[in-house]
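*Asks:*
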Amino acid sequence: MTSTAGTVRLTVGQAVVRFLANQWSERDGRRQKLFAGCLGIFGHGNVAGIGQALLQNELAAGEERLPYVLARNEQAMVHTAVAYARQKDRLQTWVCTASVGPGSTNMLTGAALATVNRLPVLLLPSGTFATRVAGPVLQELEAPYAADLTVNDAFRPLSRFFDRVNRPEQLPSALLGAMRVLTDPVETGAVTMALPQDVQAEAFDWPVELFAERVWRVGRPLPEAIDITDAAALIRSARRPFVVAGGGVHYSGAEDALRAFSEATGIPVGESQAGKGSLPHEHPQAMGAVGSTGTTAANALAGEADVVIGVGTRYGDFTTASRTAFQNPDVRFVNVNVARFDAGKLSGLSVVADAREALIALTAALDGYAVHPAYRDRQAELWRDWDARVETAHNPPAEITDALADGVLTQGTVLGCVNELSDPRDVVVCAAGSMPGDLHKLWRVRDRKSYHVEYGFSCMGYEIPGGIGVRLADPDRDVFVLVGDGSYLMMPTELVTAVQERLKIIVVLVQNHGFHSIGSLSESLGSQRFGTAYRFRNDATGRLDGERLPIDLAANARSLGATVIEARSRKELEQAIRDAKAAPADGGPIVIHVETDPTVHAPDSESWWDVPVSQVSDLDTTRRAHDAYTAHKAAQHPYLAPTERTER
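Each residue of the sequence shown is one higher than the one before, counting from 1 in full-length UniProt numbering.
See below:
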């Protein structure tokens, strides 16, 4: 490395690392490093470029650091970065570097997950030669119709910003564009900078000011006064208003503002998966989950609501119960969201602003307004009924437990034990299968950052790498990763990363010998749980309905270096949780293996999810399911009527 006045000679890889190490974000006067480090797996394409630069950064004196963590699966390392960003309220994230070809395309699922969930992550997929002098190189995709096409073009539709740096001169604008999107709460998601392997190693004389410390302010857009006036007028006209709290409440840090709003007005609050914990459990206006996996309390109030106030929600189909949750024929919507795209959904009155600032303004504009006391009483009555159902799910009656096989528990019992024995600040992590729905309904949240369920993409395999990301972001909290056997088998290898980094994550591995969630869905759709159980192929029938597969997931976890505790009763499970909690913080991952019965379900949400059923079939089960589907479809609403504004 040489320097002249005003310039410094570095490779593109070295310039990328030095630049990223000097980026900061700031909100409300608090600064933090934008990138906590770089997750990666090296191969040809990045080992001599970004890899060499990370080594040089680690060994250099007097430079800002970009720590490196070796992952085991490229998709998983993106999940880790995304979980970290969510725990940090989108103010910090990680960089992910991967090698040419499959190393980079393995990150595609993670990119989609980040963008769907509006969470920032910087991806550096490696490319083939920009000069093309050695093509086609190993793992290069050749397209006869486009010589400049590479597999990295697959990131384009999955990214909020995409650039390919084919010349060193292009790097500064690419880096600055990437930072702009990563730190914009409206635009954020996966950001991809594709780096050909020859360009990564190419030297260039860079202006020294490129590497100066930069602070990217994450603002709080204020609402338009006229929008607050219109929204307040609409809410004042309501007899049965209802709030849907989404992830934007957490990312804005708007929990206290929402609490003040609901206490002043008496308006009940239902929560999406991302918004769960917006109000603490047992708050008088907290009605819990809303939608397809909601509580009967929240869903009853949603069904009656004449004005629905969405705060930081994108109104996914689970939240709206596939547009059947809000059944009042005259229902109108007020949508508070930092993104105009989401604020305009369901023909709502848009309040485009930071959630915290909008709620503060709405509370002031609604001074003197409150719902009728009878409406508060109804909230309390509905909640008492639901909370009793939760208690039954956590502690099932003897007629259920006596029917279970020896050593097998209900999933509700497992969730109840973890919920009861974990500390209020401990974090529960989940993503796919039946457990996210059960957690949404049953989990009693006691801290704003203690519930972490990825349900935008609901990606199997997210749980363990996601737990690593949460633990890295918040090392003072214990992290409970709840994962079923199906999802565990997708991505168990990141246990090795937790071992490597001495990260204590407590993995509660629920073994039910198949795909519990899809099995139940299949049955409800008339497909008889086909292809959802882990079974041998039956020699007599040729079908996968033979004996259970002899899979020992506890042994698998041990082989990867985790400490394993096998619990074969409720008493053993409770002791396993206590032992895991007492384990040292730097002792690495602990896996608690427990078996459950997939046919014992959580309390019904009395709601619906739209999954089409075959319109014609030879199977009676499918025909009956289609009849039920048709009946539910009749309750769907388009929500097309415009929401009136105040007359001027």
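C-beta: ideal position from N, C-alpha, C; glycine also.
DSSP state of residue 455, grouped into three classes?
*Replies:* Residue state, collapsed to three classes: coil.
*Asks:* Taking all protein chains shown into account, decide if residue 272 is buried (16 or more other Cβ within 10 angstroms of its Cβ) or exposed.
*Replies:* So residue 272 counts as buried.
*Asks:* With burial defined as no fewer than 16 other Cβ atoms inside 10 Å of the residue's Cβ, what is the status of residue 157: buried or exposed?
*Replies:* The residue is exposed, with fewer than 16 neighbouring Cβ atoms inside 10 Å.
*Asks:* Return the chain-ordered list of same chain residues with a C-beta closer than 6 Å to the C-beta of residue 183, the five sequence neighbours on each side being excluded.
*Replies:* Cβ neighbours of residue 183 beyond the five flanking positions: 25, 216, 218.
*Asks:* Quick one: residues in its chain with C-beta nearer than 6 Å to the C-beta of residue 488, no 5 flanking neighbours on either side, listed in chain order?
*Replies:* 509.
*Asks:* Tell me the DSSP bridge mates of residue 24?
*Replies:* For residue 24, which the question treats as bridged, DSSP gives the partners 33, 215.
*Asks:* With contact counted as at least three CB pairs below 8 Å, one residue from each stretch, are the stretch 321 to 328 and the stretch 293 to 310 in contact?
*Replies:* A contact exists between the stretch 321 to 328 and the stretch 293 to 310.
*Asks:* Could you tell me the boundaries of the alpha helix (DSSP H) in which residue 288 lies?
*Replies:* That residue, residue 288, is in no alpha helix (DSSP H); its beta strand (DSSP E) goes 286 to 289.
*Asks:* To which residues of the same chain is residue 37 closer than 7 Å at the C-beta, ignoring the five residues directly before and after it?
*Replies:* Within the same chain, residue 37 has close Cβ partners 66, 67, 68, 69, 94.
*Asks:* What first and last residue would you give for the alpha helix (DSSP H) that runs through residue 252?
*Replies:* From DSSP, the alpha helix (DSSP H) with residue 252 extends over 247 to 252.
*Asks:* Between 15, 638, 17, which lies nearest to residue 328 when the distance is taken from Cα to Cα?
*Replies:* Taking only the C-alpha atoms, the option nearest residue 328 is 638.
*Asks:* Excluding the five sequence neighbours on either side, which residues of its own chain have a C-beta within less than 6 Å of the C-beta of residue 629, listed in chain order?
*Replies:* Around residue 629: 613.
*Asks:* For residue 478, count the other beta carbons within 10 Å of its own beta carbon; 16 or more makes it buried, fewer makes it exposed. Which is it?
*Replies:* Result: buried.
*Asks:* Within the chosen definition, does the stretch 404 to 422 reach the stretch 586 to 602 through at least 3 CB pairs nearer than 8 Å?
*Replies:* Yes: at least three Cβ pairs fall under 8 Å.
*Asks:* For my contact list, residue 331 and residue 355 are in at a C-beta cut-off of 8 Å; report their separation, rounded to the angstrom.
*Replies:* In fact, because the Cβ distance is near 21 Å, the residues do not count as touching under 8 Å.
*Asks:* Does the ligand FAD have even one heavy atom less than 7 Å from the beta-carbon of residue 595?
*Replies:* Although the ligand FAD was asked about, the structure shown includes no ligands whatsoever.
*Asks:* Reducing DSSP to helix, strand and coil, say where residue 488 ends up.
*Replies:* Helix at residue 488.
*Asks:* Grouping DSSP H, G and I as helix and E and B as strand, with all else coil, what is residue 255?
*Replies:* Reduced to three states, the DSSP call for residue 255 is helix.
*Asks:* What's the C-alpha gap between residue 284 and residue 243?
*Replies:* About 14 Å.
*Asks:* Across the stretch 3 to 20 and the stretch 206 to 216, are there enough close Cβ pairs to call them in contact, namely three or more that are closer than 8 Å?
*Replies:* The stretch 3 to 20 vs the stretch 206 to 216: in contact.
*Asks:* If we ignore side chains and look at the alpha-carbon of each, how far apart do residue 545 and residue 495 end up?
*Replies:* So the two alpha carbons sit approximately 31 Å from each other.
*Asks:* According to DSSP, is residue 93 helix, strand or coil?
*Replies:* Three-state result, residue 93: strand.
*Asks:* Residue 315 to residue 140, Cα distance in whole Å?
*Replies:* The alpha-carbon atoms of residue 315 and residue 140 are separated by roughly 40 Å.
*Asks:* What does the Cβ neighbour count give for residue 584, buried or exposed, with the cut at 16 atoms within 10 Å?
*Replies:* Burial call: exposed.
*Asks:* Beta-carbon separation of residue 85 and residue 75 under 8 Å?
*Replies:* No.
*Asks:* By Cβ distance below 6 Å, which residues in the same chain neighbour residue 562 in space, the five residues on each side in sequence not counted?
*Replies:* Within the same chain, residue 562 has close Cβ partners 495, 589, 591.
*Asks:* For residue 82 and residue 59, which I take to be in contact (beta-carbon distance under 8 Å), what is that distance rounded to the nearest angstrom?
*Replies:* Not a contact, Cβ separation roughly 29 Å.
*Asks:* What's the gap between the Cα of residue 347 and the Cα of residue 175?
*Replies:* Taking the straight line from one Cα to the other gives about 37 Å.
*Asks:* Hey, residue 468 and residue 503: beta-carbon distance below 8 Å or not?
*Replies:* The answer is yes: Cβ separation under 8 Å.
*Asks:* Does DSSP classify residue 222 as helix, strand or coil?
*Replies:* Reduced to three states, the DSSP call for residue 222 is coil.
*Asks:* With a threshold of 8 Å on Cβ separation, who are the neighbours of residue 178 within its own chain once the five nearest residues in sequence on each side are excluded?
*Replies:* So the list reads 122, 161, 163, 191, 193, once near-sequence residues are dropped.
*Asks:* With C-beta atoms as the reference, is residue 606 less than 8 Å away from residue 299?
*Replies:* A contact, by the Cβ cut-off of 8 Å.
*Asks:* Applying the criterion that 16 or more other CB atoms from any shown protein chain within 10 Å of the CB defines a buried residue, is residue 50 buried or exposed?
*Replies:* So residue 50 counts as buried.
*Asks:* Could you tell me if residue 155 is buried or exposed, where buried requires 16 or more neighbouring beta carbons within 10 angstroms of its beta carbon?
*Replies:* By the neighbour-count rule (16 or more Cβ atoms within 10 Å), residue 155 is buried.
*Asks:* The alpha helix (DSSP H) that contains residue 75, what's its start and end?
*Replies:* 74 to 87 is the span of the alpha helix (DSSP H), which, as asked, contains residue 75.
*Asks:* Do the stretch 415 to 425 and the stretch 440 to 454 touch if we need at least three Cβ pairs shorter than 8 Å?
*Replies:* At 8 Å Cβ cutoff, the stretches touch.
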